[in-house]
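So the sequence lines, in the order shown, correspond to chains A and H.
Heads up: the first sequence begins at 1 in the numbering used here, then just goes up one per residue.
Heads up: the second sequence begins at 169 in the numbering used here, then just goes up one per residue.
Have a look at the structure below, then the notes.
Number of protein chains: 2
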Amino acid sequence: MPKKRVDDLQSVSAETALEAEKILGNRLAKLGLKQTDQRRKILQVFLQTRDHLSIDELHQQVKKLDPKIGFTTVYRTLKLFSQCGIASEVELHDGISRYEPQLNRRSHHHLVCTECGESVEFFSPEIEAVEQRIGKQFRYSTTRHSFQIFGLCTNCSKKRTSAPQVRR
Amino acid sequence: MPKKRVDDLQSVSAETALEAEKILGNRLAKLGLKQTDQRRKILQVFLQTRDHLSIDELHQQVKKLDPKIGFTTVYRTLKLFSQCGIASEVELHDGISRYEPQLNRRSHHHLVCTECGESVEFFSPEIEAVEQRIGKQFRYSTTRHSFQIFGLCTNCSKKRTSAPQVRR
DNA sequence: ATTGCTGCAAACGATTTGCATGAGG
DNA sequence: CCTCATGCAAATCGTTTGCAGCAAT
């Protein structure tokens, strides 16, 4: 039997998906909520996404799997996933709610290009420390933080210097 | 003649206001835009605010000075101020655009209570360093960052432990 | 059976826009 | 004068809600 390859994304995804479904089931049960077909399918699609999808984009994907599933359900479900710790909202300040999978995910932050919208993730352990320190200092019981850096990616910087400036 | 007191908020405000008006004039001229009566008045009111006012709240204040000034104008003007570096948007994730004066303001961040909305400002020099470092690392030319910590303030924490949990 | 879930359409609230009028350079 | 700014109302857009029928526990 071949040894499991950790870089085999397919199998890792499948495994995570099963695990997530179980976790979802548990948390739903605890809240007296129900594990429905729609929720399972949305979860499945959601976990395959690496990007920070908007509800609308996610709904598009979900419809490919099951065209019956409505927009509102996706909305409500992603909010639910957030509460269950399966999703977390990504705040790119573009006026749209975006989510990313949260389960088994190392804490990270986003560097966002304000021109083309491209974003990359980065890690910065000191941020966690700041949350702890400031929380203590002001006697807040902190639950989360939001940190993102904005700027121009290499490509857009180039365009700026050569072409006349574009106003948004 | 009495020595100028740096803790005299009134005089400091007046000074900043004049300075800001000049700066605004310069930047507007540079863009071929006009310095109007409305913009001057909105600026004046805006600089007196220490809180993170919503456009609506700001409009209320502005109307006291000049009831003719419309909501839309305040909206457009605050956006303009942001571009001119006079205001900066405060992101408290409550679905409302909030602004605070930016001029001569030490870089700071916000600790926000998710229950009552109260927020306090804090300073954290290491955040600036992170912006620099990550920018270099990914070859982004960074322009700003957004960092806020969320949690429960002391009061709301107490209420939570005594009263049954409230859902939002 | 009971209670929660879904999907549609309609409601909502913050923000933006079109346009005729007014003011600044 | 020409261009930009204003103020109003209407449009837009993301999100939320009411409700009748459906499905999970």
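Beta carbons: idealized from backbone N, C-alpha and C, even for Gly.
On a predicted model such as this, the values are computed, not experimentally measured, just so you know.
TODO: In angstroms with no decimal places, state the Cα-to-Cα distance between residue 332(H) and residue 84(A).
DONE: The predicted position of residue 332(H) is uncertain, since its pLDDT is 49 and thus under 50; no value can be drawn from it.
- [ ] Please list the partners that residue 135(A) has in chain H, where partner means a Cβ-to-Cβ separation under 8 Å.
- [x] Within 8 Å Cβ-Cβ: 279, 317, 319.
Open item on the list: Can you list, in chain order, the residues of its chain with a C-beta nearer than 7 Å to that of residue 55(A)? Leave out the 5 residues immediately preceding and following it.
Closed with: Cβ-Cβ distances below 7 Å link residue 55(A) to 74, 75, 78, 97 in the same chain, with the five nearest sequence neighbours on each side left out; the list follows chain order.
Open item on the list: I'd like the list of long-range same chain contacts for residue 271(H), defined as Cβ closer than 6 Å, with 5 residues on each side in sequence excluded.
Closed with: Contacts found: 188, 254.
Open item on the list: Tell me the rounded alpha-carbon separation between residue 44(A) and residue 326(H).
Closed with: Whole-angstrom Cα-Cα distance: 39 Å.
Open item on the list: Alpha carbons only, please: which of 296(H), 277(H), 195(H) is nearest the one belonging to residue 135(A)?
Closed with: Between residue 135(A) and the set 296(H), 277(H), 195(H), the nearest pair of CA atoms involves 277(H).
Task: Status (buried if at least 16 other CB within 10 Å, exposed otherwise) for residue 151(A) - done: By the neighbour-count criterion, in which a residue is buried when 16 or more other Cβ atoms sit within 10 angstroms of its Cβ, residue 151(A) is buried.
TODO: May I have the straight-line CA-CA distance separating residue 50(A) from residue 92(A), to the nearest angstrom?
DONE: Rounded to whole angstroms, residue 50(A) and residue 92(A) show a C-alpha spacing of 15 Å.
Open item on the list: Using beta carbons (cut-off 9 Å, strictly below), is residue 2(A) in contact with chain H?
Closed with: Legend: pLDDT at residue 2(A) = 42, less than 50; position of this residue unreliable, value from coordinates given subsequently. Chain H contact via Cβ: absent.
TODO: Would you please state the rounded distance, in angstroms, between the beta carbons of residue 149(A) and residue 313(H)? I believe it to be under 8 Å.
DONE: At roughly 4 Å, the Cβ-Cβ gap stays under 8 Å, so residue 149(A) and residue 313(H) are in contact.
TODO: Consider the Cβ of residue 144(A): report whether some Cβ of chain H lies at a distance smaller than 9 Å.
DONE: Yes - at least one Cβ of chain H is within 9 Å of the one on residue 144(A).
TODO: Kindly give me the distance between the Cβ atoms of residue 306(H) and residue 111(A), rounded to whole angstroms, as I take these residues to be in contact under 8 Å.
DONE: Between residue 111(A) and residue 306(H) the Cβ distance is about 6 Å, and since that is below 8 Å, they are a contact.
Task: Cross-chain neighbours of residue 126(A) in chain H, by beta carbon under 9 Å - done: Within chain H, the C-beta atoms nearer than 9 Å to that of residue 126(A) come from 294, 295, 297, 298, in chain order.
TODO: Can you tell me which of 53(A), 38(A), 52(A), 72(A) puts its alpha carbon nearest to the alpha carbon of residue 65(A)?
DONE: Taking each of 53(A), 38(A), 52(A), 72(A) in turn and checking the Cα distance to residue 65(A), the smallest one comes out for 38(A).
Open item on the list: Tell me which residues of the segment 91-110 of chain A have at least one Cβ-Cβ distance to chain H shorter than 7 Å, keeping chain order.
Closed with: Within the segment 91-110 of chain A, the residues whose Cβ lies closer than 7 Å to any Cβ of chain H are, in chain order, 91, 93.
Task: Secondary structure of residue 99(A), DSSP reduced to three states - done: Here residue 99(A) carries a strand assignment [DSSP, helix/strand/coil].
Open item on the list: Measuring only the C-alpha atoms, how far is residue 236(H) from residue 202(H)?
Closed with: Straight-line Cα distance between these residues: approximately 19 Å.
Open item on the list: Distance check for residue 228(H) and residue 214(H), CA to CA, integer angstroms please.
Closed with: When rounded, the distance between both Cα atoms is 11 Å.
Task: Any C-beta of chain H under 9 Å from that of residue 154(A) - done: Closer than 9 Å to the CB of residue 154(A) there is at least one CB belonging to chain H.
- [ ] Output yes if chain A places a C-beta closer than 9 Å to the C-beta of residue 307(H); else output no.
- [x] So, interface residue.
Task: 7 Å CB neighbourhood of residue 292(H) in its chain, flanking five on each side removed - done: Cβ contact annotation for residue 292(H) (same chain, cutoff 7 Å, sequence separation greater than five): 277, in chain order.
Task: Where residue 325(H) meets chain A, residues with beta-carbon distance less than 9 Å - done: Listed along the chain, the chain A residues whose CB falls inside 9 Å of the CB of residue 325(H) are 139, 140, 141.
Open item on the list: Using only the alpha-carbon positions, how far apart do residue 300(H) and residue 100(A) sit?
Closed with: Distance between the alpha carbons of residue 300(H) and residue 100(A) is about 26 Å.
Open item on the list: Distance check for residue 62(A) and residue 230(H), CA to CA, integer angstroms please.
Closed with: Their Cα atoms are separated by approximately 47 Å.
Task: Backbone secondary structure at residue 144(A) - three-state DSSP - done: Taken through DSSP and simplified to helix, strand or coil, residue 144(A) comes out as strand.
TODO: Take the Cβ of residue 281(H) as the centre, count every other Cβ of all protein chains shown within 10 Å, and call the residue buried at 16 or more, exposed below.
DONE: The residue in question, residue 281(H), is buried, as its Cβ has 16 or more Cβ neighbours within 10 Å.
TODO: Would you please verify whether the beta carbon of residue 122(A) is less than 9 Å from any beta carbon of chain H?
DONE: Yes, because at least one Cβ of chain H sits closer than 9 Å to the Cβ of residue 122(A).
Open item on the list: Threshold first: 4 residues or longer. Then list the alpha helix (DSSP H) segments lying entirely within the segment 26-110 of chain A, N to C.
Closed with: Listed in chain order, the complete alpha helix (DSSP H) runs (minimum 4 residues) inside the segment 26-110 of chain A are 37-48, 55-65, 71-84.
- [ ] Compare the beta carbon distance of residue 283(H) and residue 321(H) with 9 Å and say whether it is the shorter of the two.
- [x] Yes, these two residues count as a Cβ contact at 9 Å.
- [ ] Spatial neighbours of residue 350(H) within its chain, please: CB distance less than 7 Å, with the 5 preceding and 5 following residues excluded, ordered by chain position.
- [x] Lying outside 169 to 336, the shown extent of chain H, residue 350(H) is not represented and no answer is given.
Task: Residue closest to residue 140(A), alpha-carbon to alpha-carbon, out of 297(H), 310(H), 324(H), 186(H) - done: Checking every option, the nearest Cα to that of residue 140(A) belongs to 324(H).
- [ ] Please confirm whether residue 71(A) and residue 315(H) have their CB atoms less than 9 Å apart.
- [x] No, these two residues do not count as a Cβ contact at 9 Å.
Open item on the list: Does residue 186(H) pass the burial test, meaning 16 or more other C-beta atoms within 10 Å, or should it be called exposed?
Closed with: Result: exposed.
Open item on the list: Please report the distance separating the alpha-carbon of residue 167(A) from that of residue 26(A).
Closed with: Bear in mind that a pLDDT of 39 at residue 167(A), under 50, signals an unreliable position, so the number given afterwards is only what the model happens to contain. When rounded, the distance between both Cα atoms is 49 Å.
- [ ] Along the alpha helix (DSSP H) that carries residue 337(H), what are the first and last residues, could you check?
- [x] Examination of residue 337(H) is not possible in this model, given that chain H is present from 169 through 336 alone.
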